[in-house]
Amino acid sequence: MQYSKTSTDRELIEGCKAQHRLAQKYLYQRYYGRMLGISMRYTHNESEAIDVLNRAFLKVFHSLDQYEDQGSLSGWIARIVFNTTIDYVRQQVKYRQVMDFTTVRDSSIEAEAIQQLYAEDLYRYIQQLPATTRTVFSLYVIDGYKHREIAEMLEINENTSKWHLAKGKQQLQKVLQNHKRSITYEQ
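Numbering-wise, the working numbering puts 178 at position 165 of the sequence shown, and it's gapless, one number per residue.
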């Protein structure tokens, strides 16, 4: 069979199962952009995100026999990319000691500054956060996980998760205040 960009997911899956490189190429290209966004939220830069994404796609290709065609293929791939990314982040976590982080106050980020940002800018700012803080912030704010779930995923204490979220909000608030000042000066 000939594979192309217009091949259906089912055709590409069958081709990938048969180890056809062209089917793998088109499946990868079809889902690359959507899945890169997942790994970008938790990694430090684009090259790191692409590395994690490639690892995830290897897992996808090796486990397509397990895909049961229930639900969307996109959702199934996204789950593998997410789990691969979290595994990668877990390996990167350097400090897992338990500390009392309850003294950090939750801070609000001004809505006006956020409205003036493009999504790309916000993701770039989030990527500047320290690795564990960035991961906790993304899991909590973007993906909606609870601190208990984050603590289990990252193998850290629940209070540590709360501290990283508060620290991330503080750091982003400073960046957003600077962003607001720079906009004010430009006008």
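Think of the CB as a built atom: it goes at the ideal place given N, C-alpha and C, for glycine as much as any other residue. This one's a predicted model, so the numbers in the text were calculated from it and none came from an experiment.
Straight across, the Cα-Cα distance linking M48 with D64 is about 12 Å. Residues Y55, V102 and L167 of the same chain have their beta carbon placed closer than 7 Å to that of T148, with the five preceding and five following residues left out of the count.
As the crow flies, the alpha-carbon of L185 is around 39 Å from that of Q83. The alpha-carbon of E61 is positioned some 33 Å away from that of Q15. Pairing K38 with G88, the inter-Cα distance amounts to about 19 Å. In the three-state reduction of the DSSP assignment, Q141 falls in the coil class, being assigned neither a helical nor a strand state.
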